[in-house]
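Q: Below: one structure in structure tokens.
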Amino acid sequence: MADTTATPTINLGSISRIPVGQGRCYVIGSDEIAVFRQRDGRLFATQNRCPHRQGPLSEGVIGGGHLICPLHAHRFNLKNGAGSELDECVQVHR
3 MADTTATPTI NLGSISRIPV GQGRCYVIGS DEIAVFRQRD GRLFATQNRC PHRQGPLSEG
63 VIGGGHLICP LHAHRFNLKN GAGSELDECV QVHR
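Take any residue in the sequence shown, count from 1 to its spot, add 2: that is its number in the numbering used here.
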């Protein structure tokens with residue numbers, strides 16, 4: 003039997019609210035979500051807090067498909083959340 007559970011879609015407003023190459027933090031319920039707009043226009047969303055020191059990932063730098071934490075420069079893959087440290091990863095949202 004197929005899973006018919008729908009993932010909710012949440013309207014965060016105009017894409018122009020997120021400058022190209024940057025991220026913004028949105029609070030959805032009790033969660034902080036960091037949404038990033040790459041130079042090619044693609045959007046990626048992750049949890050906003052770094053698992054290492056709770057840094058605000060929405061203030062990080064993105065490039066080459068990775069997000070770099072502003073506090074300690076750990077890298078996270080924007081597609082799957084994998085971190086540069088084996089035991090650290092971030093939740094990604096689609």
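From the three backbone atoms N, C-alpha and C, an ideal C-beta is built for every residue, glycine too.
What you are looking at is a predicted structure, and each value in this text was computed from that prediction instead of being measured.
(1) Return helix, strand or coil for LEU45, following the three-state DSSP convention.
(2) CA-CA distance, ILE12 and ALA47?
(3) Decide if SER60 is buried, meaning its Cβ has at least 16 other Cβ atoms within 10 Å, or exposed.
(4) Compare the C-beta of GLU90 with all C-beta atoms of chain D and state if any pair is closer than 7 angstroms.
(5) Could you have a look at ILE64 and say whether DSSP puts it in helix, strand or coil?
A: The short version:
(1) strand
(2) Distance between the alpha carbons of ILE12 and ALA47 is about 12 angstroms.
(3) Counting of Cβ neighbours within 10 angstroms places SER60 among the buried residues, the total reaching 16 or more.
(4) As a matter of chain content, chain D is missing from the structure shown, which is built from one protein chain.
(5) Of the three classes helix, strand and coil, the one that applies to ILE64 here is strand, per DSSP.
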